[in-house]
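Novice: In our numbering, the protein residues as written are -10 to 474.
Structure in structure tokens, see below.
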């Protein structure tokens, strides 16, 4: 007989009775089982009698795993008693080798259990938990935790990525947002925890970009927080920025800071620190997200424009051409009223649209008259008639010439009736002096300036010339009262 293999040890000289085998231990694992390609061998323990213990170095059955429970099952029915002599050495060696194999399988099960069990950190949109799992891939873990994802969402590592003990799985849900880039608005999808991350991602695609909040239902909202890790800047109406809590929702942030947004106002969420007058000095660690509220006002404005009048001249056929022109009609400027729709942003005019323009008063031309009538040539003086020379009669004493303005008589009475005898009278109704000349009549008779500024003698002389030319009808009321016609 050959010697047994050293790994099996020296078999006992006592016969091994199958009836002496203890019950077989079966291990049940709690929790989700590993995937089929990484199945854990069942941990089996054998409880032998005092004659056959476990091989040296094999762990006791109770120490297989903290989560393993050994359940006793009834031993199989004993076989019929052998009718032969006690087993040979080969028989005993085979039984011992089988017991050793069972112990090795139990140890392998412990190792496989330890490698399949994992502790993983799960971050779902900022909500962080620690998960114990037997899953091998990210997709299985998410399914166990009830986390549903679509191709709009971002999962790191990917859903087909392998899990490892101590690893982290990050889920960021996709959001449908409106952005403003290069002066145009459009919608897009972005997977991000907050506006800071969204803007960082979008800026890689479109450069200078801003988020445009939704304005539905009278609210100003974003589908995400502004900055989960720190404060943000708030700029309203172009004034100096304020540093406020970035963890709040956008509409809550505006309400907490007493910012009222009407339908015309423009709200954007931008990445970067504000610049310009009143902006703080940029320092490391300062807020990287800025909420900008531009206050838009619209109003109707009216402007009045002066319309200048034209100066025209016209001929007066009844006026001597050697007389100065006179003003017939005084010019009056017109007026145009224009209505504008004016838009201001943060107090500055950015747009002005014309609504209407109406001429409320037309201009009146200034008319100056000039004479075209030729003055007649003076009649020649008659030649003197020769008379017989006679002794000259003695000359009568020369009487003094009558004054131009008589203190009595017709002209004095007429002056008294027209102006009370005051040569400087200016009634304010367009008539001047002793005989109440109008300017056109005064100028037609060769006068210049105002009649009331001329001497009484000149006024009487021109009144007499006017009477010779046109009669007493130039003074209808007073001439009638004096019985002159």
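All residues carry an ideal CB built from backbone N, CA and C; glycine is no exception.
For residue 220, collect the residues of the same chain with a Cβ closer than 7 Å to its Cβ; drop the 5 residues on either side in sequence, then sort them by chain order.
Specialist: Hits under 7 Å: 232, 233, 234, 235 and 276.
Novice: Rounding to the nearest angstrom, what Cα-Cα distance links residue 198 and residue 129 in this structure?
Specialist: If I take the Cα positions, the gap works out to 37 Å.
Novice: Please work out which residues of its chain come closer than 8 Å, Cβ to Cβ, to residue 419, disregarding the five sequence neighbours upstream and downstream, and give them in chain order.
Specialist: Cβ neighbours of residue 419 beyond the five flanking positions: 427 and 428.
Novice: Quick check: the region 354 to 361 against the region 322 to 333, are there 3 or more CB pairs under 8 Å?
Specialist: With the cut-off at 8 Å, the region 354 to 361 and the region 322 to 333 do not touch.
Novice: Would you say residue 423 and residue 437 are within 7 Å of each other, going by their C-beta atoms?
Specialist: For residue 423 and residue 437, no; Cβs fall outside 7 Å.
Novice: Three or more C-beta pairs closer than 8 Å, one from the region 311 to 318 and one from the region 339 to 349: is that the case here?
Specialist: Counting Cβ pairs under 8 Å, fewer than three are found: no touch.
Novice: Below 7 Å between beta carbons: does that hold for residue 309 and residue 364?
Specialist: It is a contact, given that the beta carbons lie within the stated cut-off.
Novice: What's the C-alpha gap between residue 31 and residue 124?
Specialist: Confidence is the limiting factor: at residue 31 the pLDDT is only 34, short of 50, which leaves the residue's position unreliable, though a coordinate-based value still follows. Whole-angstrom Cα-Cα distance: 18 Å.
Novice: Identify the continuous beta strand (DSSP E) that holds residue 133 and give its terminal residues.
Specialist: Per DSSP, residue 133 belongs to no beta strand (DSSP E); it is in the alpha helix (DSSP H), 127 to 133.
Novice: Given a cut-off of 7 Å, decide if residue 209 and residue 239 are closer than it, judged by their beta-carbon atoms.
Specialist: Going by C-beta atoms, residue 239 is nearer than 7 Å to residue 209.
Novice: Taking residue 180 and residue 143 to be in contact with their CB atoms under 8 Å, please state how far apart those CB atoms are, rounded to whole angstroms.
Specialist: That belief holds up - the Cβ atoms of residue 180 and residue 143 are roughly 4 Å apart, short of 8 Å.
Novice: For residue 111 and residue 134, which I take to be in contact (beta-carbon distance under 8 Å), what is that distance rounded to the nearest angstrom?
Specialist: Confirmed, Cβ separation roughly 6 Å.
Novice: Determine contact between the region 281 to 289 and the region 253 to 263, defined as no fewer than three beta-carbon pairs at a distance below 8 Å.
Specialist: With a cut-off of 8 Å, the region 253 to 263 and the region 281 to 289 count as touching, because enough Cβ pairs lie within range.
Novice: So the candidates are 214, 108 and 322; which of them puts its Cα closest to the Cα of residue 152?
Specialist: The shortest Cα separation from residue 152 among 214, 108 and 322 belongs to 108.
Novice: Compare the beta carbon distance of residue 217 and residue 336 with 7 Å and say whether it is the shorter of the two.
Specialist: No.
Novice: Report the residue from 170, 215, 203 and 355 whose alpha carbon sits nearest the alpha carbon of residue 193.
Specialist: Taking only the C-alpha atoms, the option nearest residue 193 is 170.
Novice: Can you tell me whether residue 289 is buried or exposed, with buried defined as 16 or more other CB within 10 angstroms of its CB?
Specialist: Classification of residue 289: exposed, given that the 10 Å Cβ count is below 16.
Novice: Starting from the Cα of residue 454, find the closest Cα among 400, 416 and 414 and give me that residue.
Specialist: Nearest of 400, 416 and 414 to residue 454, Cα basis: 400.
Novice: Keeping to the same chain, check which residues put their C-beta closer than 7 Å to that of residue 306; ignore five residues upstream and five downstream.
Specialist: Result list for residue 306: 361 and 362, in chain order.
Novice: Three-state secondary structure (DSSP) at residue 399?
Specialist: Helix, per DSSP.
Novice: Taking residue 173 as the reference, which of 200, 189 and 159 has the closest Cα?
Specialist: Nearest of 200, 189 and 159 to residue 173, Cα basis: 200.
Novice: Nearest-angstrom Cα distance between residue 213 and residue 182?
Specialist: Each residue's Cα considered, the two are about 7 Å apart.
Novice: With respect to the alpha helix (DSSP H) encompassing residue 288, which residues constitute its N-terminal and C-terminal limits?
Specialist: Per DSSP, residue 288 belongs to no alpha helix (DSSP H); it is in the beta strand (DSSP E), 285 to 296.
Novice: Between the alpha carbons of residue 338 and residue 325, how many angstroms are there, rounded?
Specialist: If you take the alpha carbons of residue 338 and residue 325, they lie about 23 Å apart.
Novice: Could you pull the DSSP bridge partners for residue 421 from this structure?
Specialist: DSSP lists 415 and 426 as partners of residue 421.
Novice: Please check the pair residue 354 and residue 293, which I expect to be a contact at CB under 8 Å, by giving their CB distance rounded to whole angstroms.
Specialist: Rounded, the Cβ-Cβ distance is 21 Å, inconsistent with contact.
Novice: Which residue marks the beginning of the alpha helix (DSSP H) containing residue 176, and which one marks its end?
Specialist: Run containing residue 176: none in the alpha helix (DSSP H); it sits in the beta strand (DSSP E), 173 to 180.
Novice: So that I know if they touch, is there some Cβ in chain B lying closer than 7 Å to that of residue 437?
Specialist: Absence of chain B from the displayed structure is noted, only one protein chain being present.
Novice: Helix, strand or coil for residue 261 per DSSP?
Specialist: Looking at residue 261 - three-state DSSP - the assignment turns out to be coil, as it is neither helix nor strand.
Novice: Could you spell out where the alpha helix (DSSP H) holding residue 191 opens and where it closes?
Specialist: Run containing residue 191: 184 to 195, per the alpha helix (DSSP H) assignment.
Novice: Where does residue 151 fall in DSSP's three states?
Specialist: Here residue 151 sits in strand by DSSP.
Novice: How many whole angstroms separate the CB atoms of residue 131 and residue 119, which I take to be in contact at a CB cut-off of 8 Å?
Specialist: So it is not a contact: roughly 15 Å between Cβ atoms.
Novice: Indicate the three-state DSSP secondary structure (helix, strand or coil) for residue 322 in the structure shown.
Specialist: Coil.
Novice: Would you please state the rounded distance, in angstroms, between the beta carbons of residue 176 and residue 165? I believe it to be under 8 Å.
Specialist: Residue 176 to residue 165, Cβ: 6 Å. Contact.
Novice: Near residue 291, which residues of its chain fall below 8 Å by C-beta distance, leaving aside the five closest residues on each side in sequence?
Specialist: These residues qualify, in order along the chain: 326, 327, 328 and 329.
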